[in-house]
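Residue numbers (our numbering), protein chains in the order written: chain A, 2 to 285; chain B, 388 to 824.
This report refers to the structure that appears directly beneath it.
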Ligand code: HEM
C-alpha cells in the first residue's frame, strides 16, 4: 500500500461521505447519522495515514520534506483540515446537517487534486528557496484558515437557504429545512468559524512574510499572491468590524462569508493560473 | 454628554474604517492585474501609448508606492489612532473601575443572578466564599455597604485591551516599514570566487553603496539531486575589516549572513568558462591554486609543475566533469577526468599530488539592510497576541451581596461577561452551585 493509493481511496470515501450527509439532509434519514459520522472518521483516518505515508516516502527518496510543498499536497491538506474542522463542529454543536454543506468542499478538493490534468502528484525534491521550516508553518497556518473559511461559506449558504424558505413561510418543523439549526445558531457558528479563520490567516500571512525575509531579505514585496492574501484578510477584517461595531448579522454576514471564500479561492487557485509571481511553484 | 468636534468624529468613526479597508482591498487588485515596475515603453507596447500615459499620471506602474495608495494607508493609520484616543480611556476606566462601589440596585438587576440563604453569619460566610473562589482562581475583594457586605471577584479585566493591542500592532508594523524605507537599502552584487568587494549596487537606481567593510567569496558550490535538480546553492563568505577576518559563514538560500545590520542572501549565480584548480604536493604539503581558462595550461611556479584543462562536460550552465592535463617534467604528462568539486591523488615518478578542481562561479548576492524588521516582527507578535486575547478571552465579573436576614444571611450572586455570554452562563451556574454548598 502506498500513499497515492490511500489518498486515491480518500477521494472516493469523501464522495461517499458527501452522499451520506446529503441523504440525511434531503431525505431526513436521521438514522443514517451515526453511519455518516463513523464513515467520515474512518475516511479521515485513511487520509491521515496517506499523508503520513507520503511523508515517509519523501524521506525514503532522500528528499526529506513534509508533504506540504506543491499544489497537490496543499489540496490534500486543505481537504484534511476541512474534515477535521467539520468533525469538531459536529461534535461541539451536535448537528450533522452542516455536513451536507462542508464535506463536499473536501471531496471537491480531493477530486480536483486527483483528476485535474494540470496537477503533478509526484513527490518531488525541493528547490533551495522552498527548504525552510517557515514555509511549512506558512502552508499549515494558511490552509487551516482557508479550511475554516470554506466551512464558514458552507454555513453561509445554509443560512441563506433557510432564511429564504422562512421568509416564504413554507417551513414547518417537519420539512427538510426545518431540520437545519435555527438561524441564530447558524449565524453564531458562521461568525465563530470566520473569527477562527481570521486568526489563522493572520498567522499564515506573518509566517509567509518571515519566510520571504529569510530567503530574499524582503518581508513584503506586493507580489500578486501576497497582495491577494491581504485583500482576503481585508475582506474578513471588514466583516468582523461590520458585525462587531455596526451590528451586521444574518443575511449580510452570510453573503460576506461566501464572498470572502471566493476571494480565498482566487488567492489559492486564481493567482497561480491567471497571474504570475513568486508563488508560481503552485502551478506545477 | 459633551458634543464632539465633527472632524474628530469623522476620523474616529468605524464607518470610515470600513470605507478605507474596502477601498484598500479594491485598489490593491490593480497591481496584481497590471504588472508592476515596467518601463513606459513596455506599457505603451503592451497596452497603448495613451493608456501608458494614463498609467503614468496615476502612478499605476508603481501603485503600492504611489501617493494615493500611501495616502489610503495613512488615512487608515489616522483612523486607528483617533479611534483609539476616542475609546481607550473609557475602556481603561472599565478595567480600573471600583466594582465594590457598584450601585446595589444594578447588581440585583443583572441578567445572571442567583439567590440563596445560609445559616452562617455574614463574616464567616464571606471568608468561606472567598477561599472557595480562590481555589477556582478568582481573587476576591470585599467592602461593607450599608448593612450588607459586598464581595467582588473578576477575571480577565485586561482582556479588554486585546482589540487595542491589535490596532496598535498595525501602527507598529507601519512604523517598522517606514524605518526600513528611510534607513535601509536593498541591492545586489555578483561576486566572482576569490574576489573581494566593499560595494554593492542598489536596486532600481543602480547606485553603488559602500558597505563599510569587505566581503570575499571564497567558494561557490551547487549541490544537485540525483535527478539533476538543484538541491543547494552555497557560498563561503568571509567578512574582513581592514584586511582582518572578522566573520566566516557558508550561506545558502534561506540561510543568510548578517554583519553590522547588513544581510547577504544567496540569490543567484553565474558560471564562467574558467576553472579553479588546486594542486598540493603530498610530501611537502605545499599548495598552489590557479584560475585556468579552457585549454590554456599554466605553470605553477612554486611546485614546478604545469596544469591545464583539455576537455570538459557540461550540464546546462554547469560543468560536471573536466579532463586535466598535468606535468612535472618527470616523464610523460598525466591526463585524467575529474568530477567538478572532487579531488584525486595523482602519482608521478617519486611524488604524489592531490589535485582538486571545479568550475569557476560568481555568486549572486542580494544585500539588504532593514533596521525596521525587528519592529515589524514585534508588531506581528502583538497582532497575534492581541487577536487571541480579543477573540478568546473575556472580562468576567461576579458580585456576591451578603445581607442579614433574622439569624441567617441571604446571598445574592450576580455576574456578567463582556463576551461569549453563553460560555459564561455555564461557568456562572456551576460556580454558584459550588458556592451554595
Ligand atoms: C486592518 C485593520 C484592522 C484590523 C485587523 C482590526 C482588527 C480588529 C479586531 C480583531 C477587532 C475585534 C473584533 C471582535 O472582537 O470580534 C476589532 C474591533 C474594533 N475595531 Fe478594528 N481593526 C482594524 C482597523 C480598524 C480601524 C481603522 C478602526 C477605526 C475606527 C477600527 C475600529 C474598531 C472598533 C471600534 C472595534 C470594536 C472595539 C470594541 O470592542 O470596543 N478598527 N478590530
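Just so it is clear, CB atoms sit at the ideal spot from N, CA and C, and this is done for glycine as well.
On a predicted model such as this, the values are computed, not experimentally measured, just so you know.
Distance, residue j Cα to residue i Cα
i, j, result
"residue 561 (chain B)", "residue 455 (chain B)", "16 Å"
"residue 450 (chain B)", "residue 419 (chain B)", "10 Å"
"residue 232 (chain A)", "residue 460 (chain B)", "14 Å"
"residue 627 (chain B)", "residue 620 (chain B)", "22 Å"
"residue 43 (chain A)", "residue 25 (chain A)", "18 Å"
"residue 795 (chain B)", "residue 821 (chain B)", "19 Å"
"residue 121 (chain A)", "residue 74 (chain A)", "9 Å"
"residue 694 (chain B)", "residue 625 (chain B)", "28 Å"
"residue 660 (chain B)", "residue 590 (chain B)", "28 Å"
"residue 817 (chain B)", "residue 523 (chain B)", "11 Å"
"residue 644 (chain B)", "residue 149 (chain A)", "38 Å"
"residue 584 (chain B)", "residue 603 (chain B)", "6 Å"
"residue 144 (chain A)", "residue 593 (chain B)", "39 Å"
"residue 79 (chain A)", "residue 193 (chain A)", "19 Å"
"residue 748 (chain B)", "residue 656 (chain B)", "7 Å"
"residue 168 (chain A)", "residue 33 (chain A)", "30 Å"
"residue 743 (chain B)", "residue 696 (chain B)", "12 Å"
"residue 690 (chain B)", "residue 617 (chain B)", "36 Å"
"residue 163 (chain A)", "residue 517 (chain B)", "48 Å"
Closer than 8 Å to chain A by CB, residue i
i, result
"residue 763 (chain B)", "yes"
"residue 704 (chain B)", "no"
"residue 721 (chain B)", "no"
"residue 641 (chain B)", "yes"
"residue 755 (chain B)", "yes"
"residue 418 (chain B)", "yes"
"residue 444 (chain B)", "no"
"residue 617 (chain B)", "yes"
Chain B within 8 Å of residue i, Cβ atoms only
i, result
"residue 214 (chain A)", "yes"
"residue 94 (chain A)", "no"
"residue 231 (chain A)", "yes"
"residue 182 (chain A)", "no"
"residue 59 (chain A)", "no"
"residue 236 (chain A)", "yes"
Within 8 Å, strictly: CB atoms of residue i and residue j
i, j, result
"residue 96 (chain A)", "residue 182 (chain A)", "yes"
"residue 635 (chain B)", "residue 607 (chain B)", "no"
"residue 556 (chain B)", "residue 766 (chain B)", "yes"
"residue 142 (chain A)", "residue 204 (chain A)", "yes"
"residue 706 (chain B)", "residue 688 (chain B)", "no"
"residue 344 (chain B)", "residue 750 (chain B)", "Outside the displayed span of chain B (388 to 824) sits residue 344 (chain B), for which this structure offers no information."
"residue 812 (chain B)", "residue 499 (chain B)", "yes"
"residue 67 (chain A)", "residue 56 (chain A)", "yes"
"residue 152 (chain A)", "residue 86 (chain A)", "yes"
"residue 146 (chain A)", "residue 256 (chain A)", "no"
"residue 572 (chain B)", "residue 646 (chain B)", "no"
"residue 211 (chain A)", "residue 220 (chain A)", "yes"
"residue 567 (chain B)", "residue 757 (chain B)", "yes"
"residue 513 (chain B)", "residue 531 (chain B)", "no"
"residue 225 (chain A)", "residue 263 (chain A)", "no"
"residue 94 (chain A)", "residue 190 (chain A)", "yes"
Residues near residue i by beta carbon distance below 6 Å, same chain, minus five either side
i, result
"residue 721 (chain B)", "713 and 733"
"residue 547 (chain B)", "478, 482 and 782"
"residue 715 (chain B)", "692 and 735"
"residue 469 (chain B)", "398 and 399"
Cβ neighbours of residue i in the same chain (closer than 7 Å, five flanking residues each side left out)
i, result
"residue 540 (chain B)", "520, 525, 526, 527 and 785"
"residue 69 (chain A)", "75, 78, 137, 140 and 141"
Contacts around residue i, its chain only, beta-carbon distance under 8 Å, and the 5 residues preceding and following it disregarded
i, result
"residue 47 (chain A)", "7, 10, 11 and 14"
"residue 196 (chain A)", "241"
"residue 423 (chain B)", "448, 449, 450 and 451"
"residue 199 (chain A)", "146, 234, 237, 238 and 241"
"residue 575 (chain B)", "587, 588, 590, 654, 751, 752, 753 and 754"
Inset, instruction - Identify each residue in the stretch 191-213 of chain A for which the Cβ-Cβ distance to at least one residue of chain B is less than 7 Å, and report them in chain order. - result: Flagged, chain order: 196, 200, 203, 204 and 207.
Legend entry - Chain-ordered residues of the stretch 403-415 of chain B with a beta carbon less than 9 Å from chain A: In summary, the residues of the stretch 403-415 of chain B whose CB is separated from some CB of chain A by less than 9 Å are 404, 405, 408, 409, 411, 412, 413 and 415, in the order they occur in the chain.
Legend entry - Contact residues within the stretch 16-32 of chain A, judged by C-beta distance below 7 Å to chain B: Against chain B - using a Cβ distance shorter than 7 Å - the stretch 16-32 of chain A contributes no residues.
Inset, instruction - Anything in the stretch 764-782 of chain B with a Cβ closer than 8 Å to a Cβ of chain A? List those residues in chain order, please. - result: Taking a C-beta cut-off of 8 Å against chain A, the contacting residues of the stretch 764-782 of chain B are 764, 767, 770, 771, 774, 775 and 778, listed in chain order.
Legend entry - Members of the stretch 215-226 of chain A that neighbour chain B once the beta carbon cut-off is set at 8 Å: Listed in sequence order: 215, 216, 217, 218, 219, 220, 221, 223 and 225.
Inset, instruction - Note down, in chain order, all residues in the stretch 66-90 of chain A with a beta-carbon under 9 Å from any beta-carbon belonging to chain B. - result: Taking 9 Å as the upper bound on Cβ-Cβ separation, chain B lies near no residue of the stretch 66-90 of chain A.
Inset, instruction - Check distances from the C-beta atoms of the stretch 647-670 of chain B to those of chain A and list, in chain order, the residues that come in under 9 Å. - result: For the stretch 647-670 of chain B, which is checked against every Cβ of chain A, the residues closer than 9 Å are 650, 651, 652, 653 and 654.
Legend entry - Near-chain A residues of the stretch 572-593 of chain B - C-beta to any C-beta below 7 Å: Legend: CB atoms of the stretch 572-593 of chain B lying less than 7 Å from CB atoms of chain A belong to residues 573.
Inset, instruction - Mind checking the stretch 130-159 of chain A against chain B and listing, in chain order, the residues whose C-beta falls within less than 7 Å of any C-beta there? - result: Residues of the stretch 130-159 of chain A with a C-beta atom less than 7 Å from some C-beta of chain B are 130, 132 and 133, listed in chain order.
Legend entry - Residues, ordered as in the chain, of the stretch 247-261 of chain A that lie near chain B by beta-carbon distance below 8 Å: Correct list: 247.
Legend entry - Interface residues of the stretch 449-479 of chain B facing chain A [CB-CB below 7 Å]: Listed by position, the residues of the stretch 449-479 of chain B near chain A (Cβ gap below 7 Å) are 451.
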